[in-house]
Amino acid sequence: MRDDVRETWYRQRRALEQGHHFSTPDGLVRHPRFGHISPAMFLASGLLQLSGLYGRGRSNAMAVSLKPITVHLKNLPGVFDGYRILQISDPHLDLVPELAGRIAALVTNIQADLLLLTGDYRDRHDTPVEPGLALLEPILGAIEAPDGHYAILGNHDPADAVPILEAMGLNVLINQTVAIVRDDATVHLTGLDDVHYFYTKQARNALEADIQGCRIAAVHSAEVADIAAAAGIDLYLCGHTHGGQIRLPWGPPPINNLRRCRAYGHGMWRHEQMIGHTTSGAGVTTIPVRYNCPPEITLITLRQQDQ
Numbered sequence: 000m001r002d003d004v005r006e007t008w009y010r011q012r013r014a015l016e017q018g019h020h021f022s023t024p025d026g027l028v029r030h031p032r033f034g035h036i037s038p039a040m041f042l043a044s045g046l047l048q049l050s051g052l053y054g055r056g057r058s059n060a061m062a063v064s065l066k067p068i069t070v071h072l073k074n075l076p077g078v079f080d081g082y083r084i085l086q087i088s089d090p091h092l093d094l095v096p097e098l099a100g101r102i103a104a105l106v107t108n109i110q111a112d113l114l115l116l117t118g119d120y121r122d123r124h125d126t127p128v129e130p131g132l133a134l135l136e137p138i139l140g141a142i143e144a145p146d147g148h149y150a151i152l153g154n155h156d157p158a159d160a161v162p163i164l165e166a167m168g169l170n171v172l173i174n175q176t177v178a179i180v181r182d183d184a185t186v187h188l189t190g191l192d193d194v195h196y197f198y199t200k201q202a203r204n205a206l207e208a209d210i211q212g213c214r215i216a217a218v219h220s221a222e223v224a225d226i227a228a229a230a231g232i233d234l235y236l237c238g239h240t241h242g243g244q245i246r247l248p249w250g251p252p253p254i255n256n257l258r259r260c261r262a263y264g265h266g267m268w269r270h271e272q273m274i275g276h277t278t279s280g281a282g283v284t285t286i287p288v289r290y291n292c293p294p295e296i297t298l299i300t301l302r303q304q305d306q
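Here numbering that gives the first Met the number 0 is used: position 53 in the sequence shown is 52, and no number is missing along the way.
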């Protein structure tokens, strides 16, 4: 990204972070300042502790596992058949710092071609950003991916996180596309800034760029799935929802946390010709518990679809 483009993005992002409105694909939304936790969340945490379920939920939150999935893409070049992407999303490491060691142990020795981090590396909005991001270091050190370590920002990640992440060796994509090349074939990876709070027209422009061939979009949430599908994206990888984090044994989660494309809150889905996957993520937010929604790291294997 050119320095002037990065500077323009930074000013826009910081203005949104410091203001009283967030930007979505459907316009501005008034929202409390960062750091606000609703009384309902405090009440829920207290009730869980009184009920005796808090300990079980905390244990569930630590039980992160590897979820392998296979995706068949009709536009995938043959040389990329079997290509593996390791996706880590929503670790929120400052809320449960010991989770970093669990994740690092889980991903050690995993054979992946590319590492993709899809946002929300810390939880608190009202604390310095560096300590939360530093917890990523043992995870990154455990992963070898010959085609690189890539990251995008989530709604919990401020603009000031970018240079810190880059200093760790991450390639941070901000409404940008990079080419992954093997022999004479290419897969294009487009990474967007968060679209839940910080959507800009540059995000849409990145999706709608005139790029031929197989295209993968990395977006923190599923909320621009319709735009991506119309733009010809083949595979859309996201997180954000935590799969609900707290779910009943049946039915949809009480909290989806998507303003649009709400049907795509968890697991595999399809929008027109585009395939999507929303991971339930590795961490937790606000309350460090999970019920009926285990945390996960996703290992995605790409396969050519039979013609």
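In this text, a Cβ means the ideal position worked out from N, Cα and C, and glycines have one as well.
Under DSSP, no beta-bridge partner is assigned to Glu129. For Glu165, the enclosing alpha helix (DSSP H) has its first and last residue at 160–166. For the pair Ile68 and Ile299, the CB atoms are nearer than the 8 Å cut-off. For Gln304, the closest C-alpha among the options Glu6, Leu15, Arg1, His71 is that of His71.
When beta bridges are read from the DSSP output, Phe21 appears opposite Val28. Apart from the 5 residues on each side of it in sequence, Asn256 sits with its Cβ closer than 6 Å to the Cβ of Thr240 in its chain, given in chain order. Looking only at Ala150, Phe197, Val194, Val177, the smallest Cα-Cα distance to Ala166 is reached by Ala150. Cβ contact annotation for Glu136 (same chain, cutoff 7 Å, sequence separation greater than five): Met167, in chain order. When rounded, the separation of the alpha-carbon atoms in Ile296 and Leu114 is 11 Å. Of the residues Asp182, Ala144, Phe197, Gln175, the one whose Cα lies closest to the Cα of Gly153 is Phe197. The continuous stretches of alpha helix (DSSP H) do not include Glu295, which lies in the beta strand (DSSP E) extending over residues 295–303. Under a 10 Å Cβ-count criterion, Trp8 is classified as buried, with 16 or more other Cβ atoms of the shown protein chains found around its own Cβ.
Within its own chain, the residues whose Cβ lies closer than 8 Å to the Cβ of Asn170, once the five positions on either side in sequence are excluded, are Gly147, His148, Tyr149, Ala150, Val177, listed in chain order. Taking Ile163 as the centre and dropping the five residues before and after it, the same chain places the C-beta of Val128, Glu129, Leu132 closer than 7 Å to its C-beta, in chain order. DSSP lists Thr277 as the bridge partner or partners of Gly266.
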